[in-house]
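Novice: Okay, here's the structure, questions in a sec.
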Amino acid sequence: MKYTITQASNILDCKPYLLRFYEDEFELQIPRGSNNRRYYTTKEIDIFRYIEALKGEGKRNKEIKETLHKSKDEIIFEEIEEEKPKEEDNNITCLIKTINSLREEIENLKQQDAFKQRDELITENARLKMKLKEKSYELSILKEKYNALKQAKKRSLFKFE
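Take any residue in the sequence shown, note its place counting from 1, add 32, and you have its number in the working numbering.
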């Protein structure tokens, strides 16, 4: 929101000339409209409140000026520092999404592998059952041959006597 000098001075409970004095004294950059009139935003009003607070602490204008210039540098630095965490947060968020995606993919692969192993075991089990049946059949044939030979041997023993 934009305020005129009168509105800003009412908000700050001071005279308009004091705002103009602070602007000159502390080299403040107060925005101006197309008609070259000053307008104040909450940012400028906060700066004036800060100046009043420093004056209330007993600081001189020179000290306030140094503090304001130092504060501007710190504000710029803080804004830069605020951007870094946002960037880092975006990177971290991206990494977390990637990690979660990879975890899901690993789980899917584990399930696929488990299904594949299960299918391989079922196939191997069926193959072994088939082989068991073959061997059982071979065994039954061998038993029949053995019994037939045994019977033949018994008959041949009786013939020679």
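Where is the CB? At the ideal position from N, CA and C, for every residue including glycine.
The model shown is predicted, which means the values in this text are computed figures rather than measured ones.
#1: Is the stretch 121 to 141 touching the stretch 87 to 95, taking contact as three or more C-beta pairs under 8 Å?
#2: Please report how far the alpha carbon of residue 125 lies from the alpha carbon of residue 45, in whole angstroms.
#3: Could you tell me how far apart the beta carbons of residue 77 and residue 96 are, in whole angstroms, since I believe they sit closer than 8 Å?
#4: Report the partner residues of residue 49 according to the DSSP bridge assignment.
Specialist: According to the data block:
#1: no
#2: 46 Å
#3: At roughly 16 Å, the Cβ-Cβ gap does not stay under 8 Å, so residue 77 and residue 96 are not in contact.
#4: Bridge partners of residue 49: none, in fact.
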